[in-house]
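Visitor: Sharing a structure below in structure tokens format, with a few things to ask.
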Amino acid sequence: MHSHISPNVAVDPSNPNMRPLDGPGQVLRVEKLRKTFRSGGQEITPLAGVSFSVQRGEMIAIVGPSGSGKSTLLHLLAALDTPTSGEVYFAGNSLWALTEENRAEYRNRTVGFVWQRHHLLSDFTSAENVAMPLLVQGQTQQQAIQAAARWLTEVGLRGRGLQHANQLSGGEQQRVAIARALVNQPALLLADEPTGDLDERNAVTVFELMRRLHESYHLTTVLATHNPWLAQRADRVLLLEHGQLTPLAADDLAQRRAPAPAGAATNISGERG
Ligand SMILES: Nc1ncnc2c1ncn2[C@@H]1O[C@H](COP(=O)(O)OP(=O)(O)OP(=O)(O)O)[C@@H](O)[C@H]1O
Ligand SMILES: [Mg+2]
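Set out below in structure tokens:
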């Protein structure tokens, strides 16, 4: 399938042309994106006019010190927040030119989001957590739970659907969060420090899982991470620092990797993460 979408067409994820799953092409284009927060008489500008684009099928890692604006950027890509100025285009459509309804569709169906902390509902089972986006969309309980069971199998948690989210290990919780992000079969996967709270071994396993799903479901993925090992396994690395986004070559990434104190995760700026 090859889709050409005119910039005037609103995002309608139920239209297969709006789901850029196959072939080359630009999925995201970010232009002069600026975000300023004002709080307590202070102004912070984590994004001072950043521009980049993401091609269909790419996996991009955003690295940068704590507080540099990685989460802010991902929230804007997901249309969960509004920029001070600048644009994000998905398949040629400006996110903030869409109707509120289409923007909600984009958030709920085009984008799968894995949060910095997993944000699972602890009073619900893992299957219910994964099924939630489908129930919100009006699928029947039975359809949603069946789909959830398939996705739990896909992330290596077959048969664990009845377990409550708060009884799972950190790595398992993050797998459930990934299943929940993908249950709608989004075109775009956004992951904010998906392995930030995990030890190195679990971080690697969860990352490898994301990489496999990225490939088998023809996703386009943008992930924020402090972990240089994960970043260097993305197709491209962008460094966010002082409000600016710059491409980072593999050598630069290696140089920024400071030796870790025993038992501590190392982040991209060499601070403890
Ligand atoms: N809602 C808000 N109101 C005021 N300031 C905010 C808000 N959200 C973020 N900030 C500020 O913007 C800056 C960027 O924050 P952000 O959470 O995007 O950084 P980050 O790169 O994701 O950091 P970390 O690696 O610690 O997750 C920080 O200085 C933060 O305090
Ligand atoms: Mg963050």
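So in this note's numbering, the last spot in the sequence shown is 483, and the numbers never skip.
Note that beta-carbon positions come from the ideal geometry of N, C-alpha and C, so glycine has one too.
Could you tell me the alpha carbon to alpha carbon distance between Thr-246 and Leu-257, rounded to whole angstroms?
Guide: Each residue's alpha carbon lies about 7 Å from the other.
Visitor: Could you work out which residue in Tyr-299, Val-321, Trp-361 and Gly-235 is closest to Ser-261 when comparing CA atoms only?
Guide: Per the Cα distances, Tyr-299.
Visitor: Any heavy atom of ligand 1 closer than 7 Å to the CB of Thr-282?
Guide: Answer for Thr-282: yes, Cβ within range of ligand 1.
Visitor: Compare the C-alpha of Thr-405 against each of Thr-435, Ala-359 and Ser-278 and name the closest.
Guide: Selected option, being the one with the closest Cα: Thr-435.
Visitor: Using 8 Å as the threshold, is the C-beta distance between Asn-412 and Gly-369 below it?
Guide: Their beta carbons are not under 8 Å apart, which means Asn-412 does not touch Gly-369 by this criterion.
Visitor: Got a sec: does ligand 2 put a non-hydrogen atom nearer than 7 Å to the Cβ of Ala-258?
Guide: Checking every heavy atom of ligand 2 against the Cβ of Ala-258, none is found closer than 7 Å.
Visitor: Contact check, Leu-509 vs Ala-271 under 8 Å by CB: the rounded distance?
Guide: Only positions 211 to 483 of the chain appear in this structure, which leaves residue 509 out of reach.
Visitor: Shortest alpha-carbon distance to Leu-398 belongs to which of Gly-366, Arg-317, Asn-339 and Phe-334?
Guide: Among Gly-366, Arg-317, Asn-339 and Phe-334, the Cα nearest to that of Leu-398 is on Arg-317.
Visitor: Tell whether a beta-carbon distance below 8 Å holds between Ala-375 and Phe-417.
Guide: No, they are not a contact pair.
Visitor: With 16 as the cutoff for other CB atoms within 10 Å, does His-424 come out buried or exposed?
Guide: Buried.
Visitor: Does the beta carbon of Asp-488 fall short of 7 Å from some heavy atom of ligand 2?
Guide: This structure cannot settle anything about residue 488, because the visible part of the chain is limited to 211 through 483.
Visitor: When you compare each of Val-321, Val-237 and Thr-255 to Pro-293 by their alpha carbons, which one comes out closest?
Guide: When each option's Cα is compared against that of Pro-293, the closest is Thr-255.
Visitor: For a quick check, are the C-beta atoms of Val-340 and Leu-449 less than 8 Å apart?
Guide: No.
Visitor: Between Asn-254 and ligand 1, is the CB less than 7 Å from at least one heavy atom?
Guide: Reading the sequence as shown, one finds Ile at residue 254 and not Asn. Result yes, Cβ under 7 Å from ligand 1.
Visitor: So the beta strand (DSSP E) Thr-265 belongs to, where does it begin and stop?
Guide: Checking the sequence shown, residue 265 turns out to be Gln, not Thr. 252–265 is the extent of the beta strand (DSSP E) around Gln-265.
Visitor: Assign Asp-445 to one of two classes, buried (16 or more other C-beta atoms within 10 Å of its C-beta) or exposed (fewer than that).
Guide: Exposed, by the Cβ-count rule.
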